[in-house]
Structures are given as C-alpha cells and as structure tokens.
Amino acid sequence: VDSPVVKHKACHDTTATVYKTDKKMDVDGGWHDAGDYGRYVVPGAKTVADLFIAYNANKDLFGDKTGIPESGNGVADILDEARFELEWMLKMQDSESGGVYHKVSCEGFPGFVMPEKETDALVIAPISTTATADFCASMAMSYTNFKDIDKDFAEKCLAAAKKAWDYLEKNPDFQWVNVSKDITTGDYGDKKDKDERYWAAVEMYNATGDKTYEEAINKVGVQTGLGWADMGTYGSFTYLSMDASKQDADLKAKVEAAVLKEASSALEDSQANAYGEALGGYFWGCNMDAANKGILFSVAEKLDSAKGYKAAAAEQINYLLGKNPLGTSFVTGFGTVASSHPHHRPSIALEKCVPGMVVGGPNSGLEDNKALAFLEDAPPAKCYIDDADSYSTNEVTIYWNSPFTTLLSYVLTDASGVSADPTTQPTEEPTTKPTEQPTDKPTDKPTADPTATTAPKVTTGDIDNHGVVDITDVSLLSLYLIGDKKLDDAALKAADVDSDGEVRLTDAARMLQFLSKNITSFDD
Numbered sequence: 227v228d229s230p231v232v233k234h235k236a237c238h239d240t241t242a243t244v245y246k247t248d249k250k251m252d253v254d255g256g257w258h259d260a261g262d263y264g265r266y267v268v269p270g271a272k273t274v275a276d277l278f279i280a281y282n283a284n285k286d287l288f289g290d291k292t293g294i295p296e297s298g299n300g301v302a303d304i305l306d307e308a309r310f311e312l313e314w315m316l317k318m319q320d321s322e323s324g325g326v327y328h329k330v331s332c333e334g335f336p337g338f339v340m341p342e343k344e345t346d347a348l349v350i351a352p353i354s355t356t357a358t359a360d361f362c363a364s365m366a367m368s369y370t371n372f373k374d375i376d377k378d379f380a381e382k383c384l385a386a387a388k389k390a391w392d393y394l395e396k397n398p399d400f401q402w403v404n405v406s407k408d409i410t411t412g413d414y415g416d417k418k419d420k421d422e423r424y425w426a427a428v429e430m431y432n433a434t435g436d437k438t439y440e441e442a443i444n445k446v447g448v449q450t451g452l453g454w455a456d457m458g459t460y461g462s463f464t465y466l467s468m469d470a471s472k473q474d475a476d477l478k479a480k481v482e483a484a485v486l487k488e489a490s491s492a493l494e495d496s497q498a499n500a501y502g503e504a505l506g507g508y509f510w511g512c513n514m515d516a517a518n519k520g521i522l523f524s525v526a527e528k529l530d531s532a533k534g535y536k537a538a539a540a541e542q543i544n545y546l547l548g549k550n551p552l553g554t555s556f557v558t559g560f561g562t563v564a565s566s567h568p569h570h571r572p573s574i575a576l577e578k579c580v581p582g583m584v585v586g587g588p589n590s591g592l593e594d595n596k597a598l599a600f601l602e603d604a605p606p607a608k609c610y611i612d613d614a615d616s617y618s619t620n621e622v623t624i625y626w627n628s629p630f631t632t633l634l635s636y637v638l639t640d641a642s643g644v645s646a647d648p649t650t651q652p653t654e655e656p657t658t659k660p661t662e663q664p665t666d667k668p669t670d671k672p673t674a675d676p677t678a679t680t681a682p683k684v685t686t687g688d689i690d691n692h693g694v695v696d697i698t699d700v701s702l703l704s705l706y707l708i709g710d711k712k713l714d715d716a717a718l719k720a721a722d723v724d725s726d727g728e729v730r731l732t733d734a735a736r737m738l739q740f741l742s743k744n745i746t747s748f749d750d
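Residue numbers for the sequence shown follow the working numbering, beginning at 227 and rising by one.
The following block contains the structure:
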C-alpha cells in the first residue's frame, strides 16, 4: 500500500515479554487496534468475525483488486485481510496450555507519532478465558472459510481452536488479570465469559459436527451481544446459518427467539429516534452499536420480514453517513461534511486524514478534556466534536469499521450484481436531474431521418460528469450502493472503475485508493 498515510516502516517487531515473567515471545504482525498501536485479541476476534460474515453475506461484492499486498492471489482481499490478523492471533496462543494471551502493547500510550517511532518494550498481558474463547471461535470460523482455499492453513487454525477449547474445558472459571496498574493501554476487561464460550462452542460445532460441542452449547445456554464484551449473537448467527442437518429443532427455536427479541428491542429504539438510529443512548463508541444493530436487523429480516427490519438496517447506514442531528458523516472522507480530524496517530502525525474510518460518535459522558470544554451544554445526540484530542468521541477502531462493512454487505445483497452495461428497458422515472441547458443545440431544420443519439462521454470514476474524480463521486456511488440514489447508464459505466462489468463496494474502495494517491490511475 503506497499511500503515505497508511504506509509506514516496520514496527513493533521486537520480541515481547510476558507480564511478570522472563518469557519472551515473537508476536509481530496483526492490526493496530485503534488510534493507538496496541494489539488486542478480543476486539481482533470481533473484527475478524465481522469480515467473515460480510464476505459470506454477499461474496460477489468482494474482489481481489483492492491494492493490498495480497491482491491478485486469487483469494478475495477481505479474506486475505482477515488472515493477516489471524496469523498474528496464532502467535498469541501459549504453545503448552493452549490458552491465549490477552494483548500486547507498550506499558503506556505513545505520543502522536508514526508506529515505527514507538520503540518502548512490548509487554504481553496474561492469558484470559475471554481471549481464549474468542480465539477459539475465530479460528473455527477461519477453518470453515479457508478449508476450500488453503487446506493447510485451515487445518492449522482448527488445530489451534481445538487446543484453545481444551484450555477452556480445563479452566471452567472466568479468568482475566487486570494489569492496568502497570500497563495503561486498553484493557478490554470483562466480568464474565459465558457469551464467548457459547460463541466458541457454536463455531466448533459448525466446523466439526462433533456433538460434544452441541452439548456445550446447551450447557452454557443461548447468549446475546455483538460488541467485543458481549459476543453471544455471533454464535446465534452461525447456528442459524449452519447446515440444517446439524441443527436441533428445539435449540434453533431458542436461538431464533433470542435474535428476534434482541432485534425487536433495537427496533423500538430506532423507531423512537427521529433519525432512525437504533440507540438507547449516546456513549463511547455508540456508532459501533448502530452498525451492529443494522447487522442484527438484516438477520432478523430473514426470520420475520413483516416488522420493517430491512428499512431499519438501511437507516443505520443513513445515520452513520450524515442523516443525524449533527449533519455530519461519521466516516472520514465520505460526505460534504465528514469527520476529518480523528484521534488516529498516523493521521495526526502526518496531518492528513485516512479516508474510510468510522469514528466513535456522540458520547454524553464527556470523557475527555476537549469534550468537557466544548460539549458541556450539548444535548446527548450532539456530544461529538471533530477534534483529534477528543478520543472519547472521535477515535477510530478496527471493530467500529468492521460492522459497518458487514452492514453494507447485508444491505447491498439485493443490489449486488448490477451490470454496468446500459439497460435495454427504460426506467419508470428519470434517473438524473435535468440539466439547466440542453445538451445539444436545436436545429432550425428537421432532419430527414432521425439520427441516433450520441452516447455521452464517460470518464472512469467521474460519476457526476463534472470533469474530475473527487469525493463527491465516491459519495454518489455510496448512496447508489445503499439504494438511496439512482445512477443513469453513463454514471454506472463511470462507476465501474475496476472494469469487471459490475458496480459494487470494490469500486468504491478503488476510488478511495485513487483519491488518497495510493494508485495513480484505475489501470494500476
């Protein structure tokens, strides 16, 4: 990736020391979690799960030409991206016990520097049952997604998942060591692990068909939640989508009831809010909840299509892209008014915002100095400030971005596979606004025979035909993909920037790469 905002020198590649021990481990790789450079198993597992679900919801949306190093290898780039994190997670597993270490970071947060400038010693936090269960579930999901693509990698993941499961069986009590006194980076603590164990059991059952795991599902009971602290609904999604031959009728009924109960409660919130966001309040990272609820609505729609879940799912996209009390798109670089000063160290260090990041959103708790100084009198839904110092409203994380990707994949399922070729049938309504001036000069004399109309000139990426490819074109494409905007045939041709005959998310990603100068032409 050549963009100066996302490209950097190698970082965090020294050996790390396990907390309060002399044990050294090589744990390089993986994603930086958020605005800082810590790497954490629990949120990483949620992110990987979101990417797998997004891919399986609509495989046709995801191509192999987004410009990451693995592009062109014949595997969808979204799977390659998930694998990058999974390879790191494998290093976080203790080779003897099978337990999984909770996180690795320096002892404190760095200044606003590029990642290679953070050179303090790396410390690994102790094994936790939440990290181990999330790891187990993620690796089982990896097996089901990679078994027909890379059998060796898939088998490696399944073996690691089984080893993690053995650890959970031998350690039935909740384990998590609070090291915040010595390591002040994100702790991702919890008070229970039933939801993670439920998710792990479901994924292991789906991957293996072993009834032992079905017994474990029934033992722990159906759990809920789509946030990093409450992961149960991920297990329910997998149970509902697994082969019918594996499903137990009574258990399936319980799972469906739990999903619909959770969705119904979220729908009440959506319908109670003027802008349709499925939020009962505004708190740190609530934009993740909006995206999560959109995913929940998308699954609930398949179980009960009479409640309006599909429309509610689309409303979560609308809210995140600017249909909100602030009139601000919470996705950097998308929209006329969009978040542009996120709490994200590379963006701050280079004074250039990475496009496409979802920020945390309104937080009525006012949990940083900037929020306290400027938002004291703001109503809860407006407790947001586009300032890099406001980490409680304007930070970014991998697991706030990932559910937005999944939500888009679900909502775009009905719109996928749209051909970029002109349609032969006329549309019922005009697809574009009329121009102020006629496009052709009228002639004084009628022609003897009607002449064929000249097809408009199409410039790749210039969807609005204004002579330049800019963020407005990306916004138009985004609105089209979620069904809020119609594009005429010329615009559709311009939008098909990867020239594969379809207009989809990969085209939007390609346009963002072009605008961020990651590529210099759409032919790269």
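For glycine and all other residues, C-beta sits at the position ideal for the given N, C-alpha and C.
Starting from the Cα of Lys-382, find the closest Cα among Val-274, Lys-472, Gln-319, Asp-714 and give me that residue.
Closest option to Lys-382, Cα to Cα, is Gln-319.
Would you call the region 554–566 and the region 517–528 in contact, with 3 or more CB pairs under 8 Å?
Because the criterion of three Cβ pairs below 8 Å is not met, the region 554–566 and the region 517–528 do not touch.
For the alpha helix (DSSP H) that contains Ala-483, what are its first and last residues?
Counting along the chain, the alpha helix (DSSP H) containing Ala-483 begins and ends at 475–498.
Closer than 7 Å by C-beta to Thr-358: which residues in its own chain qualify, once you throw out the five before and the five after it? Chain order, please.
Here the set comprises Gly-325, Val-326, Ala-390, Tyr-393, Leu-394.
Find out if the Cβ-Cβ distance for the pair Thr-243, Ile-350 is shorter than 8 Å.
Contact flag set, yes.
Report all residues from its chain with a CB closer than 7 Å to the CB of Val-339; omit the five preceding and five following residues, and keep chain order.
If we look at Val-339 and ignore the five residues flanking it on each side, its Cβ neighbours are Arg-571, Ala-575.
Rounded to the nearest angstrom, what separates Tyr-266 and His-328 at their Cα positions?
Those two C-alpha atoms are separated by around 6 Å.
To the nearest angstrom, report how far apart Asn-432 and Thr-558 are at their CA atoms.
Each residue's alpha carbon lies about 37 Å from the other.
Contact between the region 453–462 and the region 471–479: three or more CB pairs below 8 Å?
Contact fails: fewer than three Cβ-Cβ distances are below 8 Å.
How many angstroms separate the CA atom of Gly-502 from the CA atom of Gly-264?
Approximately 34 Å, taken between the alpha carbons.
In the structure shown, what three-state DSSP assignment does Met-583 receive?
Residue state, collapsed to three classes: coil.
Tell me the DSSP secondary structure of Gly-453 in three-state form.
Gly-453 falls in the strand class under three-state DSSP.
What ranges does the alpha helix (DSSP H) occupy inside the region 320–407, keeping only unbroken runs of at least 4 residues that lie completely in it?
Complete alpha helix (DSSP H) runs here, min 4: 355–372, 377–396.
DSSP three-state call for Glu-311: helix, strand or coil?
Glu-311: helix per DSSP, three-state reduction.
Below 8 Å on the Cβ atoms is my guess for Asn-518 versus Gly-453; work out the distance and round it to an integer in Å.
That pair is a contact at about 7 Å.
Would Thr-632 and Asp-259 qualify as a contact pair, given that the criterion is a beta-carbon distance under 8 Å?
Against a cut-off of 8 Å, the Cβ pair of Asp-259 and Thr-632 comes out as no contact.
Using only alpha-carbon positions, find the residue among Thr-356, Asp-360, Pro-352, Ser-331 that is nearest to Asp-346.
The residue with the shortest Cα to Cα distance from Asp-346 is Ser-331.
Can you tell which of Lys-317, Leu-287, Lys-719 has the C-alpha that lies nearest to the C-alpha of Ala-386?
It is Lys-317.
What does the alpha-carbon distance come out to for the pair Tyr-508 and Ala-607?
Each residue's alpha carbon lies about 6 Å from the other.
Keeping to the same chain, check which residues put their C-beta closer than 6 Å to that of Glu-307; ignore five residues upstream and five downstream.
Nothing listed; no residue qualifies.
Identify whether Met-430 lies in helix, strand or coil by the three-state DSSP scheme.
Of the three classes helix, strand and coil, the one that applies to Met-430 here is helix, per DSSP.
Quick test of your reading: Asp-416 and Trp-402, contact by CB under 8 Å. State the CB separation rounded to the nearest angstrom.
Rounded, the Cβ-Cβ distance is 6 Å, consistent with contact.
Kindly indicate which residue of Leu-384, Ser-704, Gly-261, Thr-355 has the alpha-carbon position closest to the one of Leu-547.
Ranking the options by Cα distance to Leu-547, first place goes to Ser-704.
Heavy atom of the ligand MN less than 7 Å from the Cβ of Asn-397, yes or no?
Of ligands this structure carries none, so the ligand MN is not represented either.
For Pro-605, does the count of other Cβ atoms within 10 angstroms reach 16, so buried, or fall short, so exposed?
Pro-605 should be labelled exposed.
Spatial neighbours of Asp-724 within its chain, please: CB distance less than 8 Å, with the 5 preceding and 5 following residues excluded, ordered by chain position.
Answer for Asp-724: Gly-289, Lys-291, Thr-732, Asp-733, Arg-736, Phe-748, listed in chain order.
DSSP three-state label for Tyr-545, please.
Helix.
Taking the beta carbon of Gly-520 as the centre, do at least 16 other beta carbons fall within 10 Å, making it buried, or is it exposed?
Classification of Gly-520: buried, given that the 10 Å Cβ count is 16 or more.
If you follow the beta strand (DSSP E) that Thr-631 is in, where does it begin and where does it stop?
From DSSP, Thr-631 is part of no beta strand (DSSP E) but of the alpha helix (DSSP H) over 624–637.
In this structure, how does DSSP classify Tyr-501 when only helix, strand and coil are distinguished?
Of the three classes helix, strand and coil, the one that applies to Tyr-501 here is coil, per DSSP.
Is the distance from the Cβ of Ala-751 to the Cβ of Gly-693 below 8 Å?
Lying outside 227 to 750, the shown extent of the chain, residue 751 is not represented and no answer is given.
Determine whether the beta carbon atoms of Ala-302 and Ser-635 lie at a separation below 8 Å.
No, they are not a contact pair.
Could you pull out every residue in the same chain whose Cβ sits closer than 7 Å to the Cβ of Asn-627, ignoring the five residues on either side in sequence?
Around Asn-627: Met-583, Val-584.
So, at 6 Å on beta carbons, what are the nonlocal neighbours of Ala-426 in its own chain, with the 5 sequence-adjacent residues on each side left out?
Only Ala-359, Cys-362, Ala-363 meet the Cβ criterion.
Where does Lys-190 land, buried or exposed, given buried means 16+ other C-beta within 10 angstroms?
Because the chain in this structure spans residues 227 to 750, residue 190 falls outside the shown range and cannot be described.
What's the gap between the Cα of Ile-689 and the Cα of Leu-713?
Answer to the nearest angstrom: the Cα atoms are 8 Å apart.
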